[in-house]
Amino acid sequence: MEPFYYILAWCFLALTGNGGQTETNRYYHEISAQDFSGYDSTRLVVKSKYGNVYHSVKREKSGYTLGLYVFEKIEQDKKTIFEMDELTQIGNDSTFMLCEPPLKIVGDTTNWINGIWFYANMDNTGTTHFNVDSMPKKIPAMDYKNLKMGIYQCVGNKLVKISENQSGDTFYAMKPTGFFFLPNPGFFYTLTGFKDIK
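If you read the sequence shown in this note's numbering, its first letter stands for residue 71, the second for the next number, and so on.
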């Protein structure tokens, strides 16, 4: 998995819900072969029975250089090309991690290897506010490094797993209030197989 890097350092971030949009295809879109040939550089990083994944670089009109993954899906000898969102990561040789913007922006994702604590509450307008790095007064004793994927909440001085997945859609649907913990890599994401990209 290749780390992605950020410049800003934020301690507090307020995010809104996603307006009911739950389709994973908001993380990618189809492009033409001509569009793909226009990238400044491409490098094959995964070759699988479902298709090929390239790490690609293109220069935006603003002059900003954007690095992202492009998935060339091969199905019954038909090729369809998808440009993935710039936050997308590779989970393994058949799975994408469709990532949401991080709650905390620091040097790079290696700082979140132990996961991340935050306080969240939803106001009357449906907006979810996050206070990142806020922790309960008494942190439950736990081997945080080895927690499996999911969303955890501090309930009565215990860390309780409230979701098996770690997606933002799931979190917002729970209308969250309280102290929560996201294990490594410390942000919301959805696992989607290469075969399910369409």
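By construction, the Cβ of each residue, glycine as well, lies at the ideal position given by its N, Cα and C atoms.
Within this structure, are the beta carbons of residue i and residue j separated by less than 8 Å?
i       : j       : result
Val-123 : Tyr-109 : no
Phe-250 : Phe-188 : yes
Tyr-46  : Gly-185 : Because the chain in this structure spans residues 71 to 268, residue 46 falls outside the shown range and cannot be described.
Ile-160 : Val-115 : yes
Met-219 : Asn-235 : yes
Leu-168 : Thr-262 : yes
Glu-130 : Leu-136 : yes
Leu-173 : Ile-221 : no
Thr-247 : Met-205 : no
Thr-198 : Ala-211 : no
Ile-232 : Ile-151 : no
Quick one: what does DSSP say residue i is sitting in, helix, strand or coil?
i       : result
Gln-104 : helix
Asn-95  : helix
Asn-201 : strand
Gly-238 : helix
Asn-191 : strand
Lys-148 : strand
Phe-264 : helix
Phe-251 : strand
Arg-113 : strand
Lys-143 : strand
Tyr-134 : coil
Tyr-124 : strand
Out of curiosity, what's the CA-to-CA distance linking residue i and residue j?
i       : j       : result
Gln-223 : Leu-229 : 6 Å
Lys-268 : Glu-170 : 19 Å
Met-154 : Asp-163 : 16 Å
Ser-111 : Gly-256 : 30 Å
Glu-156 : Tyr-98  : 9 Å
Phe-106 : Leu-138 : 12 Å
Lys-265 : Ala-243 : 27 Å
Lys-119 : Phe-166 : 15 Å
Ile-117 : Lys-208 : The sequence given here places Lys at residue 117; Ile does not occur at that position. Using only the alpha carbons, I get a separation of about 47 Å.
Kindly identify the DSSP beta-bridge partner or partners of residue i.
i       : result
Met-244 : Bridge partners of Met-244: none, in fact.
Met-212 : The partner list for Met-212 (beta bridge, DSSP) is empty, contrary to what the question assumes.
Lys-228 : Val-225
Phe-166 : Ile-160 and Thr-262
Met-154 : Tyr-98
Cβ of residue i versus every heavy atom of the ligand FMN: is any distance shorter than 7 Å?
i       : result
Gln-236 : Ligands are entirely absent from the displayed structure, and the ligand FMN is therefore not among its contents.
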